[in-house]
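If you're matching them up, the sequences are chains X and W in order.
Read in order, the letters of the first sequence correspond to residues 97 to 400 in the working numbering.
Read in order, the letters of the second sequence correspond to residues 134 to 417 in the working numbering.
Think of the CB as a built atom: it goes at the ideal place given N, C-alpha and C, for glycine as much as any other residue.
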Amino acid sequence: MYGVIPKISSEGTRRAEALRARVGVIPKILVGRRRLSSKALRALVLAATMALIMPCIGCKDDGGRVVSVVGSTSIQPFAEFLAEQYGRKDPGLQVEVQGGGSTVGLQAVANGLAEVGMCSRALNAEEVEQFTPITIARDGLAIVVNPANQVSRLTTGHLRGLFSGTIKNWKDVGGLDGPVRPITREEGSGTRESFVHLVMDKERISRAALTQESNGAVKELVKGDPAAIGYMSLGLVGEELKALQIDDVEPTSENVLAGTYKLARPFLFVTKGPVSPEAQRFIDYVLSSEGQRILESEGLVRAQ
Amino acid sequence: MKQDKFVSTVLMLIALSAISGLALITVFIFMEGLPMILRTGAREFFLSSDWDPRAGHFGIFSMIIGSVAVTTGAMTIGSVFGLALAIAFTQFCHPRLAALLKPVIELLAGIPSVVYGFMGVVTLVPLIRTYLGGAGLSVLAASIVLGIMVLPTVTSISVDALRAVPRPYWEGSIALGATRWQTTHMVMLKAARSGIATAVILGMGRAVGETMAVIMVAGNALEAPHSILDPVRTLTSNIALEMGYASGEHRRALFATGVTLFVIIMLLNTVALRVSRRAAGRKG
Chain X
97 MYGVIPKISS
107 EGTRRAEALR
117 ARVGVIPKIL
127 VGRRRLSSKA
137 LRALVLAATM
147 ALIMPCIGCK
157 DDGGRVVSVV
167 GSTSIQPFAE
177 FLAEQYGRKD
187 PGLQVEVQGG
197 GSTVGLQAVA
207 NGLAEVGMCS
217 RALNAEEVEQ
227 FTPITIARDG
237 LAIVVNPANQ
247 VSRLTTGHLR
257 GLFSGTIKNW
267 KDVGGLDGPV
277 RPITREEGSG
287 TRESFVHLVM
297 DKERISRAAL
307 TQESNGAVKE
317 LVKGDPAAIG
327 YMSLGLVGEE
337 LKALQIDDVE
347 PTSENVLAGT
357 YKLARPFLFV
367 TKGPVSPEAQ
377 RFIDYVLSSE
387 GQRILESEGL
397 VRAQ
Chain W
134 MKQDKFVSTV
144 LMLIALSAIS
154 GLALITVFIF
164 MEGLPMILRT
174 GAREFFLSSD
184 WDPRAGHFGI
194 FSMIIGSVAV
204 TTGAMTIGSV
214 FGLALAIAFT
224 QFCHPRLAAL
234 LKPVIELLAG
244 IPSVVYGFMG
254 VVTLVPLIRT
264 YLGGAGLSVL
274 AASIVLGIMV
284 LPTVTSISVD
294 ALRAVPRPYW
304 EGSIALGATR
314 WQTTHMVMLK
324 AARSGIATAV
334 ILGMGRAVGE
344 TMAVIMVAGN
354 ALEAPHSILD
364 PVRTLTSNIA
374 LEMGYASGEH
384 RRALFATGVT
394 LFVIIMLLNT
404 VALRVSRRAA
414 GRKG
């Protein structure tokens, strides 16, 4: 333990003497006991801690109120864009947008950690009792395949078969002879839950299905693999993939709005109990014609 | 003396807070995960392959198989190449060349795993898909990526083990007329084998625990793989994939998956420690 003076060997003594001979008199400053007193050290530690904490004390109060919006990673980019636009009009109110997932958003609202949750699927019966959902937009679920794939239309029944693993070959649905590789999203993803709800009915997604953790990863995979089939947000499909007609309806924003393309899900803002006037201001902005126009120009379908 | 006492108290406190962090993590993981395993039943949890959180089925057998498959593949690749490098550096290479190349291999350890994963997705996966078939995202892809990732660990610890073999062993063998290769595999490798075993086991610990790169290249399908071209989900990727969304029993099941991983890695490290200690004991 401390306090024990180490025994100094003759070797050590010799070294020390050699050093003293070379340096001459050891300067007082190196020998002095009070180089850095414990008091000075304590002050230093205190100052360092203060320096770390100080910036955070200031940050919350300078711009007025903060509204935090937490949840679905599918809605997050749109909400961030809206928050930015809104910030220009109403600089006194700061809207903070964070991801985490639909379920995380609901939890955060339930715990009071966030005022507004984002949820990219319809609420279930239990959740409806607890929260107030506000539909801010609708989003189509596109069924995507590689452009090299011959198939361009499927029925919901085909989809169910392809994803549950009962249809294993593309030739069974009008394509070339070859295996089907369904790509799904991870358990709990809003996109997955909407897909299961809209397409799968009581059936389970095949256990052999590849699981990717984002729209982007699904896109990347389908782009490279002619045998793949996946589902993703309609607004994010782009030019490199082929979005299929489902039950003879083309997947377009117009058809989602008209209600003829059935694979659509709501994008929700979710609140619990009374909402602060600041949060209400932001929600009103999102639902206003300007907010809706922004969402439409970003590829979503207006809330009607 | 007063200053000594002050400094040693401060250092002691810092050291203890680091260790208590570890203790807290351990306690937390076990508190969240263990009751869940007991409730589901260890047999059901470890030996069933039915993972369907929605329906309340939590069986991680196929993921244990997945982790074992990927780790075995990675270690086959990692130890063959790592050991070859270590032998080349210590026995056959000009010392100056070795001094140049060894840091290069060690540099591999500094590359973030997401970069390995990305390289795997962009280059390796399409190659496997085109030339070997399947989805490309597979046990094979994950094994190759992880095999490269464990190279620095395996190589540098094996090099240390081979360098620690007393010089007279080598000289004696050469003096008896053995060739360099005979000396290497009959004397050096035998003398350094516990060090090399430690290297492999520590590399294995890294392979079991790696997450990001594996999520990107393994495909994460729930079914246990039947061939090396099948996609696979490991214990770590299961936690990372579903953590963001999980709540309630599902979340506890993920912690239970964490408990399983924790125990596996602890076991590996204990074995590694034992093996290297036995070696140290024999030498001393």
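Query: Where the region 189-207 of chain X meets chain W: residues whose CB sits under 8 Å from a CB there; Result: 196, 197, 198, 199, 200, 203
Query: Between the CA atoms of residue 356 of chain X and residue 208 of chain W - distance to the nearest angstrom; Result: 53 Å
Query: Contact set between residue 309 of chain X and chain W, taken where Cβ atoms lie within less than 7 Å; Result: 348, 374
Query: Distance between residue 392 of chain X and residue 149 of chain W (C-alpha atoms, nearest Å); Result: 56 Å
Query: Interfacial residues, the region 261-286 of chain X to chain W, with Cβ spacing under 7 Å; Result: 277, 282, 283, 284, 285
Query: Chain X within 7 Å of residue 380 of chain W, Cβ atoms only; Result: yes
Query: 7 Å Cβ cutoff, residue 330 of chain X in contact with chain W; Result: no
Query: Beta-bridge pairing of residue 328 of chain X - partner residues as DSSP gives them; Result: X:238
Query: Residue 316 of chain X: contacting residues in chain W (beta-carbon distance under 8 Å); Result: 254
Query: Chain X contacts from the region 264-296 of chain W (Cβ-Cβ distance under 8 Å); Result: 268, 269, 270
Query: Euclidean distance between Cα positions of residue 386 of chain X and residue 328 of chain X; Result: 26 Å
Query: Residue 306 of chain X at chain W interface by Cβ criterion, 7 Å; Result: yes
Query: With 16 other Cβ atoms within 10 Å as the buried cut-off, status of residue 319 of chain W; Result: exposed
Query: Neighbour list for residue 262 of chain W in chain X, Cβ cutoff strictly below 8 Å; Result: 320, 321
Query: Distance between residue 368 of chain W and residue 391 of chain W (C-alpha atoms, nearest Å); Result: 8 Å
Query: Own chain, CB closer than 6 Å to residue 309 of chain X, minus 5 neighbours either side, in chain order; Result: 282
Query: Exposed unless 16 or more other CB atoms sit within 10 angstroms - verdict on residue 397 of chain X; Result: buried
Query: Contact with chain X by residue 245 of chain W, beta-carbon distance below 7 Å; Result: no
Query: Exposure label - residue 363 of chain W; buried when at least 16 CB within 10 Å; Result: buried
Query: Unbroken alpha helix (DSSP H) run spanning residue 316 of chain W, endpoints; Result: 313-316
Query: Residue 251 of chain X, buried or exposed, once every other Cβ within 10 Å from all chains shown has been counted against 16; Result: exposed
Query: Helix, strand or coil at residue 243 of chain X according to DSSP, with G and I counted as helix; Result: coil
Query: Residue-chain proximity (residue 353 of chain W, chain X), Cβ-Cβ < 7 Å; Result: yes
Query: In chain order, each beta strand (DSSP E) run of at least 3 residues that lies wholly inside the region 171-252 of chain X; Result: 190-194, 212-215, 228-241
Query: CB contact below 7 Å: residue 161 of chain X versus chain W; Result: no
Query: Chain-ordered chain X contacts of residue 377 of chain W [CB-CB under 9 Å]; Result: 169, 195, 196, 197, 199, 200, 282, 284, 285, 309
Query: DSSP state of residue 263 of chain X mapped onto helix, strand, coil; Result: coil
Query: Contact belief for residue 340 of chain W with residue 283 of chain W at Cβ below 8 Å, rounded distance in angstroms; Result: 5 Å
Query: Beta carbon proximity, residue 239 of chain W to chain X, threshold 7 Å; Result: no
Query: Integer Cβ distance of residue 345 of chain W from residue 254 of chain W, believed to fall under 8 Å; Result: Incorrect: roughly 11 Å between the Cβ atoms, too far for contact.
Query: Reduced DSSP category for residue 168 of chain X - H, G, I as helix; E, B as strand; rest coil; Result: coil
Query: Unbroken beta strand (DSSP E) run spanning residue 364 of chain X, endpoints; Result: 360-367
Query: Element boundaries [alpha helix (DSSP H), containing residue 388 of chain X]; Result: 385-393
Query: Proximity test, Cβ basis, 7 Å: residue 343 of chain W and chain X; Result: no
Query: Cut-off 7 Å between Cβ atoms - residues of its own chain near residue 270 of chain W, not counting five sequence neighbours on either side; Result: 258, 350, 351, 352, 364
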